[in-house]
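Structure, as structure tokens:
2 protein chains.
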Amino acid sequence: MAIGVHGQAVHHPELQATATVNYKKVSVSYHKLYQFGHADAFVNGLYRGILPLSELKDHGDFGLGAPDLVNGELTLNNGKVYQSTADGKTTLAPDSLKTSFAMVTFFKPDLTFSIFRVKNLKDLYQQLDHYLENKNGMFAIRIKGLFDVVKTRAFPSVDKDSHVPLAQMLDKQKLFNTSKSKGLLIGYSLPAYLSGINISGFHFHFISDNMDAGGHVLEMSSAEKIIVEISELKGFLLEVPDDESFKKFPFKGSNKEDLQKVEKGY
Amino acid sequence: MAIGVHGQAVHHPELQATATVNYKKVSVSYHKLYQFGHADAFVNGLYRGILPLSELKDHGDFGLGAPDLVNGELTLNNGKVYQSTADGKTTLAPDSLKTSFAMVTFFKPDLTFSIFRVKNLKDLYQQLDHYLENKNGMFAIRIKGLFDVVKTRAFPSVDKDSHVPLAQMLDKQKLFNTSKSKGLLIGYSLPAYLSGINISGFHFHFISDNMDAGGHVLEMSSAEKIIVEISELKGFLLEVPDDESFKKFPFKGSNKEDLQKVEKGY
Chain A
28 MAIGVHGQAV
38 HHPELQATAT
48 VNYKKVSVSY
58 HKLYQFGHAD
68 AFVNGLYRGI
78 LPLSELKDHG
88 DFGLGAPDLV
98 NGELTLNNGK
108 VYQSTADGKT
118 TLAPDSLKTS
128 FAMVTFFKPD
138 LTFSIFRVKN
148 LKDLYQQLDH
158 YLENKNGMFA
168 IRIKGLFDVV
178 KTRAFPSVDK
188 DSHVPLAQML
198 DKQKLFNTSK
208 SKGLLIGYSL
218 PAYLSGINIS
228 GFHFHFISDN
238 MDAGGHVLEM
248 SSAEKIIVEI
258 SELKGFLLEV
268 PDDESFKKFP
278 FKGSNKEDLQ
288 KVEKGY
Chain B
28 MAIGVHGQAV
38 HHPELQATAT
48 VNYKKVSVSY
58 HKLYQFGHAD
68 AFVNGLYRGI
78 LPLSELKDHG
88 DFGLGAPDLV
98 NGELTLNNGK
108 VYQSTADGKT
118 TLAPDSLKTS
128 FAMVTFFKPD
138 LTFSIFRVKN
148 LKDLYQQLDH
158 YLENKNGMFA
168 IRIKGLFDVV
178 KTRAFPSVDK
188 DSHVPLAQML
198 DKQKLFNTSK
208 SKGLLIGYSL
218 PAYLSGINIS
228 GFHFHFISDN
238 MDAGGHVLEM
248 SSAEKIIVEI
258 SELKGFLLEV
268 PDDESFKKFP
278 FKGSNKEDLQ
288 KVEKGY
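From first to last, the protein sequence lines are chains A and B.
According to the working numbering, the stretch in the first sequence is residues 28 to 293, in order.
According to the working numbering, the stretch in the second sequence is residues 28 to 293, in order.
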């Protein structure tokens, strides 16, 4: 993969991705969130992986995702994709692995600062909130620290024909408590208007420095020596699976009465 | 995805070799919907134009939009932007005009067919539905025809400090009945999952061939000699205003209980 121009000089770089038969050339666009799949559809049973990680990486080097048939959690950092599975292991995921739902960006922090100590996840979120001035903003956030205990989870693989909603399978999630671990929280804070398509608010995965632990973060106890990097994202590119299960998925139309009135004129 | 060159350079390809500050070069990406702004925010008072049409055109040559402070309706076709105002006039909008909310694409139809006759808007929509197999698809649609009567509307300009929701200003919309008119319906069919961010279902503006009429389509009587062009869009790029009124807009978070349960793990 050749990396092309980037930065402020490129006004709409997502339009510049080109491909030829002989080699792939990808222009890198920072400060943009790329999402494949749809949160509502994912948590309600569209677990089959569609997009290979090799292609996901064209859209970002940082982020979160779900492996084919759930089978744990994906965390991207510095262009590497880590898969944390229900057996407690974290490994590098192969490029051929497909994701059903993922959100990535080429991470370039606008703001870096340290926090001496946080008490727990809620405390961390409250401290982060002071820095996220745009209440409707999209933020990619990387947090390095020494964590006393991080509680993570990973779902086991689901059967390929299963479409039981994740919220009805919470008893199947495996929980892990990682103690005294140096590592990274990788994730996002997303605005309320993306709820449904994605998840609003904070959403982090953990990956330990020595790759012995990881997964979706549910809670943490105190952490210290914290370095926070934040990148505000200015564009959101959504691509959804081009397959029958998505095309037929019964999305519930929100009851947007005001929009309908304006549209119809009465 | 087809890649090309948009703007002046497309007619003078030799200029690409000597690109200078005088020429803007933009790669064209078909089958993608670009949206600026947010429907919920727009209909609830964020009427101030932010994005100049000159920049909107970098993202598409076809589509719909709202002019600065409402002031009618915008319709894009073949790279031209038409503004239909409450005084019943339709004119070419200047590149300097700013839009608060717009959705555009570089239009390249996948499917073209004719319909002998439709009875009204509902009948048209039902006939179109037969062709839109992907029930969660995004479609750009252009319909040429001879229309018996097209009923359109255009809102007058709002005061720059007004944030009265559009649904509370429906008595201010001006209605027009255009008879025996050749023209185009320009618009989209969008999926339920974009309701809120945009408007789900069909949404058309009208523009007469001789530019004497246009606006947001509310109803129509019979039409004939209909040619329909449809382009299925595979990606959705959202950009929102980088200004204080958007950052502080009180979006109501949808009650996505299942997403929250999965996120929190209980």
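Cβ coordinates follow ideal geometry from the N, Cα and C atoms, glycine included.
Predicted model only: the values in this text are computed from it and were never measured.
What does residue i touch in chain B if you count any residue whose Cβ is under 8 Å from its own?
i, result
"GLN153 of chain A", "By Cβ distance, chain B contributes nothing, its closest Cβ being about 17 Å from GLN153 of chain A, past 8 Å."
"ASN71 of chain A", "ASP285"
"LYS275 of chain A", "LYS162, ASN163"
DSSP three-state call for residue i: helix, strand or coil?
i, result
"LYS178 of chain A", "strand"
"ALA250 of chain A", "strand"
"PHE273 of chain A", "helix"
"GLN200 of chain A", "coil"
"SER227 of chain B", "coil"
"TYR220 of chain B", "helix"
"ALA68 of chain B", "helix"
"ALA194 of chain B", "helix"
"LEU124 of chain B", "coil"
"LYS283 of chain A", "coil"
"LYS261 of chain A", "coil"
"VAL255 of chain B", "strand"
"VAL289 of chain B", "helix"
"TYR129 of chain B", "Per the sequence shown, the amino acid found at residue 129 of chain B is Ala instead of Tyr. The answer is strand: DSSP assigns ALA129 of chain B an E or B state."
"HIS58 of chain B", "coil"
"SER206 of chain B", "strand"
"SER235 of chain B", "strand"
"SER189 of chain B", "coil"
"PHE278 of chain A", "coil"
"VAL267 of chain A", "coil"
"THR45 of chain A", "Note that THR45 of chain A scores 40 on pLDDT, short of 50, meaning its location in the model is unreliable; the coordinates nonetheless yield the value given after this. Looking at THR45 of chain A - three-state DSSP - the assignment turns out to be strand."
Less than 8 Å between the beta carbons of residue i and residue j, yes or no?
i, j, result
"ASN71 of chain A", "PRO192 of chain A", "yes"
"HIS232 of chain A", "TYR215 of chain A", "no"
"VAL244 of chain B", "THR205 of chain B", "no"
"THR117 of chain A", "MET196 of chain A", "no"
"ARG180 of chain B", "GLY242 of chain B", "yes"
"LYS274 of chain B", "ASN161 of chain A", "yes"
"LEU155 of chain B", "GLY262 of chain A", "no"
"TYR158 of chain A", "ASP67 of chain B", "no"
"LEU212 of chain A", "HIS58 of chain A", "no"
"GLY76 of chain A", "THR139 of chain A", "no"
"LYS199 of chain A", "PHE182 of chain A", "yes"
"ALA129 of chain B", "GLY90 of chain B", "yes"
"ASN98 of chain B", "SER235 of chain B", "no"
"VAL55 of chain B", "ALA194 of chain A", "no"
"GLY172 of chain A", "THR132 of chain A", "no"
"ILE257 of chain B", "ILE168 of chain B", "yes"
"ASN147 of chain B", "SER248 of chain B", "yes"
"PHE276 of chain A", "LEU73 of chain A", "yes"
"GLU266 of chain A", "PHE69 of chain A", "no"
"LYS207 of chain A", "LEU96 of chain A", "no"
"PHE278 of chain A", "PRO218 of chain B", "yes"
So residue i contacts chain A; which residues on that side make the cut at Cβ distance below 7 Å?
i, result
"GLN200 of chain B", "GLY292"
"PHE278 of chain B", "ASN163, PRO218, ALA219, TYR220"
"ALA194 of chain B", "ASP285, LYS288, VAL289"
"ALA66 of chain B", "LEU286"
Note down, in chain order, every chain B residue with its Cβ under 7 Å from the Cβ of residue i.
i, result
"GLU266 of chain A", "LYS261, GLY262"
Please compile the residues from chain A whose C-beta is within a distance smaller than 8 Å of the C-beta of residue i.
i, result
"ASN105 of chain B", "Residues of chain A passing the Cβ test: none, with the nearest at roughly 19 Å."
Name, please, each residue of chain A whose Cβ falls closer than 9 Å to the Cβ of residue i.
i, result
"ALA167 of chain B", "Ordered by position in chain A, no residue passes the 9 Å Cβ test against ALA167 of chain B, which lies about 16 Å from the chain."
Using the beta-carbon of each residue, which ones in chain B are nearer than 9 Å to residue i?
i, result
"ASP269 of chain A", "ASN161, LYS261"
"LEU197 of chain A", "LYS288, VAL289, GLY292, TYR293"
"HIS16 of chain A", "Outside the shown range of chain A (28 to 293) lies residue 16 of chain A, about which nothing can therefore be said."
Cβ-based contacts, 7 Å cut-off: residues of the region 170–191 of chain B near chain A: Within the region 170–191 of chain B, the qualifying residues are ARG180.
4 or more residues per run - each alpha helix (DSSP H) lying fully within the region 135–166 of chain B: 148–156
Short-range partners of chain A found in the region 203–225 of chain B, where Cβ spacing is below 7 Å: Of all residues in the region 203–225 of chain B, PRO218, ALA219, TYR220, SER222, GLY223, ILE224 have a Cβ within less than 7 Å of some Cβ in chain A.
Uninterrupted beta strand (DSSP E) stretches inside the region 74–123 of chain A (no shorter than 3 residues): Counting whole runs of 3 or more residues, the region 74–123 of chain A contains the beta strand (DSSP E) stretches 89–94, 100–104, 107–111, 117–119.
Near-chain B residues of the region 76–94 of chain A - C-beta to any C-beta below 8 Å: So the list is empty, because no residue satisfies the distance condition.
Contacting positions in the region 239–254 of chain A - beta carbon closer than 7 Å to chain B: Correct list: LEU245.
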